[in-house]
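Heads up: the structure comes next, in structure tokens.
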Amino acid sequence: MSLRVLNPNAEVLNKSAALHMNINAAKGLQDVLKTNLGPKGTIKMLVGGAGDIKLTKDGNTLLKEMQIQNPTAIMIARTAVAQDDASGDGTTSTVLFIGELMKQSERCIDEGMHPRVLVDGFDIAKRATLEFLEKFKTPVKMGDMPDTEILKMVARTTVRTKLYEALADQLTDIVVKAVLCIQNDHEPIDLFMVEIMHMRHKFDVDTRLVEGLVLDHGSRHPDMKKRVENCYIMTCNVSLEYDKSEINAGFFYSNAEQREKMVAAERRQVDDRVKKIIDLKNKAGCFNPFMLQVCSDNDSNFVLINQKGIDPPSLDLLARAGIVALRRAKRRNMERLVLACGGEAVNSVDDLTPECLGWAGLVYEHVLGEEKYTFVENVKNPHSCTILIKGPNDHTIAQIKDAVRDGLRAVKNTIEDEAVIRGAGAFEVAARQHLINNVKKMVQGRAQLGVEAFADALLVVPKTLAENSGLDTQDVIIALTAEHDKGNVVGLNHNTGEPIDPELEGIFDNYSVKRQIINSGPVIASQLLLVDEVIRAGRNMRKPT
Amino acid sequence: MREIVTVQVGGFSNFIGSHFWNFQDELIGLAEDPGGDPIYKNLAINMDVLYRAGETHQGISTYTPRLLSIDLQGSLGSLSSSGSLYNRRPSPDPSSVLTWTGKISRLVSEPHKKNIFLQSIDEEEHEKERVVENGVEKCIPPSQVEDRDRVECLESDVHFWTDFSKVHYHPRSLYELHGSWTEVQTFDNYGIGREVFAGGLQGEELNERLRFFIEECDHIQGIQFIVDDSGGFSSVAADFMENIADDYASMPVLLYAARHPGAYMDLLSRKQSISRMLHDAVSLSKLSSLCKLLMPIGLPSLTESKLSTFLHIEDTKTYHSSAVYAAALHSACLPFRMEMPGPTADSSYAAGAIDINGIVQTLAGQAHQNMVTILDVAMPAPSLIGDHGSGSFQRSVHSLTPEIAEDVEDLQSVESFSVLGAFHSGGYRASISEVEDSFYSTYQQITNPKFLHLSAAVCPLPIPLPFPSIFGNLVGQRGELLSSPIPGSKPRGSLDVSSIPMATRLRSSNAILPFIEKRLGNLRRFGICRGAAGGQLLQSWGFGKEELEDMGESLSKMVMLLNDSEMYSDSD
Numbered sequence: 001m002s003l004r005v006l007n008p009n010a011e012v013l014n015k016s017a018a019l020h021m022n023i024n025a026a027k028g029l030q031d032v033l034k035t036n037l038g039p040k041g042t043i044k045m046l047v048g049g050a051g052d053i054k055l056t057k058d059g060n061t062l063l064k065e066m067q068i069q070n071p072t073a074i075m076i077a078r079t080a081v082a083q084d085d086a087s088g089d090g091t092t093s094t095v096l097f098i099g100e101l102m103k104q105s106e107r108c109i110d111e112g113m114h115p116r117v118l119v120d121g122f123d124i125a126k127r128a129t130l131e132f133l134e135k136f137k138t139p140v141k142m143g144d145m146p147d148t149e150i151l152k153m154v155a156r157t158t159v160r161t162k163l164y165e166a167l168a169d170q171l172t173d174i175v176v177k178a179v180l181c182i183q184n185d186h187e188p189i190d191l192f193m194v195e196i197m198h199m200r201h202k203f204d205v206d207t208r209l210v211e212g213l214v215l216d217h218g219s220r221h222p223d224m225k226k227r228v229e230n231c232y233i234m235t236c237n238v239s240l241e242y243d244k245s246e247i248n249a250g251f252f253y254s255n256a257e258q259r260e261k262m263v264a265a266e267r268r269q270v271d272d273r274v275k276k277i278i279d280l281k282n283k284a285g286c287f288n289p290f291m292l293q294v295c296s297d298n299d300s301n302f303v304l305i306n307q308k309g310i311d312p313p314s315l316d317l318l319a320r321a322g323i324v325a326l327r328r329a330k331r332r333n334m335e336r337l338v339l340a341c342g343g344e345a346v347n348s349v350d351d352l353t354p355e356c357l358g359w360a361g362l363v364y365e366h367v368l369g370e371e372k373y374t375f376v377e378n379v380k381n382p383h384s385c386t387i388l389i390k391g392p393n394d395h396t397i398a399q400i401k402d403a404v405r406d407g408l409r410a411v412k413n414t415i416e417d418e419a420v421i422r423g424a425g426a427f428e429v430a431a432r433q434h435l436i437n438n439v440k441k442m443v444q445g446r447a448q449l450g451v452e453a454f455a456d457a458l459l460v461v462p463k464t465l466a467e468n469s470g471l472d473t474q475d476v477i478i479a480l481t482a483e484h485d486k487g488n489v490v491g492l493n494h495n496t497g498e499p500i501d502p503e504l505e506g507i508f509d510n511y512s513v514k515r516q517i518i519n520s521g522p523v524i525a526s527q528l529l530l531v532d533e534v535i536r537a538g539r540n541m542r543k544p545t
Numbered sequence: 001m002r003e004i005v006t007v008q009v010g011g012f013s014n015f016i017g018s019h020f021w022n023f024q025d026e027l028i029g030l031a032e033d034p035g036g037d038p039i040y041k042n043l044a045i046n047m048d049v050l051y052r053a054g055e056t057h058q059g060i061s062t063y064t065p066r067l068l069s070i071d072l073q074g075s076l077g078s079l080s081s082s083g084s085l086y087n088r089r090p091s092p093d094p095s096s097v098l099t100w101t102g103k104i105s106r107l108v109s110e111p112h113k114k115n116i117f118l119q120s121i122d123e124e125e126h127e128k129e130r131v132v133e134n135g136v137e138k139c140i141p142p143s144q145v146e147d148r149d150r151v152e153c154l155e156s157d158v159h160f161w162t163d164f165s166k167v168h169y170h171p172r173s174l175y176e177l178h179g180s181w182t183e184v185q186t187f188d189n190y191g192i193g194r195e196v197f198a199g200g201l202q203g204e205e206l207n208e209r210l211r212f213f214i215e216e217c218d219h220i221q222g223i224q225f226i227v228d229d230s231g232g233f234s235s236v237a238a239d240f241m242e243n244i245a246d247d248y249a250s251m252p253v254l255l256y257a258a259r260h261p262g263a264y265m266d267l268l269s270r271k272q273s274i275s276r277m278l279h280d281a282v283s284l285s286k287l288s289s290l291c292k293l294l295m296p297i298g299l300p301s302l303t304e305s306k307l308s309t310f311l312h313i314e315d316t317k318t319y320h321s322s323a324v325y326a327a328a329l330h331s332a333c334l335p336f337r338m339e340m341p342g343p344t345a346d347s348s349y350a351a352g353a354i355d356i357n358g359i360v361q362t363l364a365g366q367a368h369q370n371m372v373t374i375l376d377v378a379m380p381a382p383s384l385i386g387d388h389g390s391g392s393f394q395r396s397v398h399s400l401t402p403e404i405a406e407d408v409e410d411l412q413s414v415e416s417f418s419v420l421g422a423f424h425s426g427g428y429r430a431s432i433s434e435v436e437d438s439f440y441s442t443y444q445q446i447t448n449p450k451f452l453h454l455s456a457a458v459c460p461l462p463i464p465l466p467f468p469s470i471f472g473n474l475v476g477q478r479g480e481l482l483s484s485p486i487p488g489s490k491p492r493g494s495l496d497v498s499s500i501p502m503a504t505r506l507r508s509s510n511a512i513l514p515f516i517e518k519r520l521g522n523l524r525r526f527g528i529c530r531g532a533a534g535g536q537l538l539q540s541w542g543f544g545k546e547e548l549e550d551m552g553e554s555l556s557k558m559v560m561l562l563n564d565s566e567m568y569s570d571s572d
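Put into structure tokens, the structure is as follows:
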């Protein structure tokens, strides 16, 4: 082998060893994630070396937490994580599918089949399955008012695999409402317009949807009110601090008096900006675009939320004018505030008009130790909202947060796909029967075996669901395929092991998630099968000087 | 008060940071200690610049660094990423899981064992609590562990930077990057770190954490970065700084680009060495474009450097080398924490306050317009009036910046000296005015530098217990340099030396030219020119041809400015 000559330290694995290394890695990864799947899966508590705890039932999170070293496993993990980035779910299924494809292939290859032929079969089967998916999907009409029930069913299906039922159902309502709140007919859904905020406080069931915004900071002046009603909201990105510190450097002045003058001039500029905002407040008192009733200065308040800094002298001026001011707001909150409260974000204080102000019925501060939260609530017709997660400790909060993200993605996918897939393993069984009964016969020669392997690999989803529920896998698969051959689309009831109609039970998966699993799984599996040699060079070869 | 937020990115920078915060913790402790040395009583240094006051949910007040530390997953050893102040250690009992009623499996990684030093700190704290709880002073059983054991255990038992840290961190301070599936050894180039921010959520989380620390500042003066620029952390830092530039447009950023001696290992293959050279070039170009002042620190070997006259540093121990850089950093950034001249400032303890913007203007705003600055250090600093005539104090500082030209006479150079607790002569501590006088009389006799800023403080660098035993036998108990060695060949540590005088110099000079030119040359040779050997590599890091040319241009502009002003001064 030429490489040996060139680099005696390189490890070379021959073809069959390389193949088995890949297969074993895929199987190993599958074994780790297998128990995650479904509403009867096992939650994993990861305890780190320093006693840190992570809770997860999410394949994506688990993969990221694992210190994977095997290059094949890393490749599979990357694909699975990319799956999550693209469609928000399906990490576990992708890993299971790839693992199962490799397992099925191993059987064929051990019987003397060339991987190339298998891969050809995979390719045919993949195309056929994707076509079948198009026929199988249940279209959902979106129109002006999306069907809330179906959105809830999809969200519930995914969230119930992450959290216990009561909490899952509570969150389902929240995520559906949240997505509907930010949805706008003609534009793609930007999930960033749903703020996810958390408080280490109270219990998981205190998690709620805030129609409006929760900011993770408060005002920085003791005289500013902690609770104000009927507020104008000014969203701006204007520096209200004196930061021209070049003056301190000492090159631009020759004596103390000159320096004082320059400092004073700079300070005056900042003060002018603050004064303009105060003027706007006074003007706005007489102008009210949102409420028809006449109001006077006394019953409306003014809240300033700034992305830039506000220094103590400016805060002082603002407080004296009765303005509540928050500094250093998140960049994204500028956008969210405008969507929630109306008005517009201003970048300069020149030409301010009352039209750029938004409105909120209630703004109040909540203090937890050193953490302050500002709630901007009771807004009219909001297009941005906040999911406020509560929980007694960090790992509980983190796990709920993951589930909320998945739920949001599921709702968004449904709206964008305008279709859903019947779940509980129904699709996988149906596709498998389609491949075996119809597609396989049309294929010439040994590629048939590839199609068959692919079809059997699809069954990994219902099989694992059954296994995790403590059911007998073979009984379940036989019962399911029998129903499908009769023309009934059924899934698995994870409590009884009997076939059920997923449509009646309201178990639906995302179309785009399934599509991507079927697309990416065979691609990676094929690459791994076609590896001829594994060369490990460049490791452990560095020596310190 | 003008706050500074510190950001530490990457392995070695966190080792430096750990020593750095130990110094600060020691200063705070000494100032409060009723029986302590009076020299620490009035520091004239505002600790609030680097520290924040906070409060836990239980209402206990806290005082923690304004710090964001970023490292790879698993680099925190036995320290929890949420610190130890705010959270009680969560219960690993499966019955405590509230969110799942189904099956639970527990995966427990081997707990990191705390070394004797950390154990004894824990013990002390528990004892303190016990005393408070009972209300009455109880007789505390003397600790079984001798200080000597604690110091010795650190010499052999430091694996993580947390192993020698005695500081409490805020729960938002420590951030571990996850999901890169790379070993530390392979996290070694600019390309690999770019994925960290590309994913979205991790970058967002870092921005949020930084915003938390910045929001509470009334007059922030800037951000100081300590970046381990020997590998993928360069690009993590660069991406982070890019976000900072977007969010806080006028905020000055100071950057120490640090690398440990191990980063200079000989590479066997040509491919690896090209990768290394391109990494260095790209990293310099990117980082320098995003900060106001960049100080490369990290010599290939401290053992062979001039510092070894007084210090015994083992290059293979990160715990050793990081201590030297941390001491230099402490001294260099002390002027930012002194009170600005004014009616309230007492100039008998410290003088020469300057803020980050000031130092940037001083060093990078002048003739050379050069922002790559050399950091020189004297550790411990000699006495002002030495045996070797005038200027010997100034000559005692040695560069911690690698690859610079020695002995260049640059008439345009600009310097900023910071002197901590220097001795006048013998064992007598010099007053501020004596330091000033000595400097001005020396600098009147020489033509360069063109401009000098001097900061001085009476307070020396305290040596905390977990400081490594690196002092040679010519260093006395207060850090004074002895004329005859103390008998015994063992290196001396924190039990023998309680404090040392320090001097550091930030220098903007054309001595830095070889450093920049080398990187520019490598970038052109292996990256830009046609058919360059590293072209494909750079592409895989995500750099197009145009971007590379821009990088080359910005580096060559730096070189040009450094050369140009020299010609100026010739024609003057």
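If you're matching them up, the sequences are chains A and B in order.
If you read the first sequence in full-length UniProt numbering, its first letter stands for residue 1, the second for the next number, and so on.
If you read the second sequence in full-length UniProt numbering, its first letter stands for residue 1, the second for the next number, and so on.
For each residue, glycine too, the CB sits at the ideal point set by N, CA and C.
Predicted, not measured: the structure shown is a model, and the values here were computed from it.
- Contiguous alpha helix (DSSP H) elements confined to the UniProt domain "Misato Segment II tubulin-like" (2-122) of chain B occur at 11-32, taking only those with 4 or more residues.
- Collapsing the DSSP output to three states places B/C459 in coil.
- Taking 8 Å as the CB threshold, B/T303 stays off the interface with chain A.
- Judged by DSSP in its simplified three-state form, A/M334 adopts helix.
- Taken through DSSP and simplified to helix, strand or coil, B/P171 comes out as coil.
- With contacts defined by Cβ atoms closer than 8 Å, A/H366 and A/Y373 form a contacting pair.
- A Cβ of chain B is located within less than 8 Å of the beta carbon of A/Y164.
- Put simply, the stretch 203-218 of chain B does not touch the stretch 36-50 of chain B. Fewer than three CB pairs are less than 8 Å apart.
- At a cut-off of 8 Å between beta carbons, B/N87 contacts chain A.
- Looking at the backbone, the Cα of A/K463 and that of B/L177 are separated by about 35 Å.
- For A/P522, the closest alpha carbon among the candidates A/V95, A/R160, A/L318 is that of A/V95.
- Along the stretch 72-84 of chain B, going in chain order, the ones with a CB nearer than 9 Å to a CB of chain A are Q73, G74, L76, G77, S78, L79, S80, S81, S82.
- Of all C-beta pairs linking the stretch 313-324 of chain B to the stretch 4-21 of chain B, three or more are shorter than 8 Å, placing the two stretches in contact.
- At a cut-off of 8 Å between beta carbons, A/G59 makes no contact with chain B.
- The C-beta of A/G59 has 16 or more other C-beta atoms within 10 Å across all chains shown, which makes the residue buried.
- Just so you know, the alpha carbons of A/R208 and A/I389 end up roughly 7 Å apart.
- The C-beta distance from A/A155 to A/I387 rounds to 13 Å, too long to meet the 8 Å contact threshold.
- Taking each of B/D496, B/S383, B/Y175, B/K114 in turn and checking the Cα distance to B/D163, the smallest one comes out for B/K114.
- Residue environment for A/N381: exposed (fewer than 16 other C-beta atoms within 10 angstroms of its C-beta).
- With contacts defined by Cβ atoms closer than 8 Å, A/K27 and A/K135 do not form a contacting pair.
- By the beta-carbon neighbour count (other beta carbons within 10 angstroms, threshold 16), A/S512 is buried.
- It is roughly 5 Å from the alpha-carbon of A/G48 to the alpha-carbon of B/S109.
- When the alpha-carbon of B/H260 is set against those of B/G191, B/S230, B/C459, B/D93, the nearest one is in B/S230.
- Interface flag for A/G49 against chain B is set, since a Cβ pair is found closer than 8 Å.
- Residues of chain A with a Cβ closer than 9 Å to the Cβ of B/H178 are, in chain order, K64, E65.
- Close partners of A/E370 in chain B (Cβ separation under 7 Å): G54, E55.
- In terms of CA proximity to B/A503, B/A378 leads the group B/M338, B/I385, B/G352, B/A378.
- For the stretch 88-110 of chain B, residues whose beta-carbon sits nearer than 7 Å to a beta-carbon of chain A comprise R89, P90, P92, P94, V97, L98, T99, W100, T101, G102, K103, I104, S105, R106, L107, V108, S109, E110.
- Here the stretch 164-184 of chain A makes no contact with the stretch 441-457 of chain A; the two share fewer than three CB pairs at distances below 8 Å.
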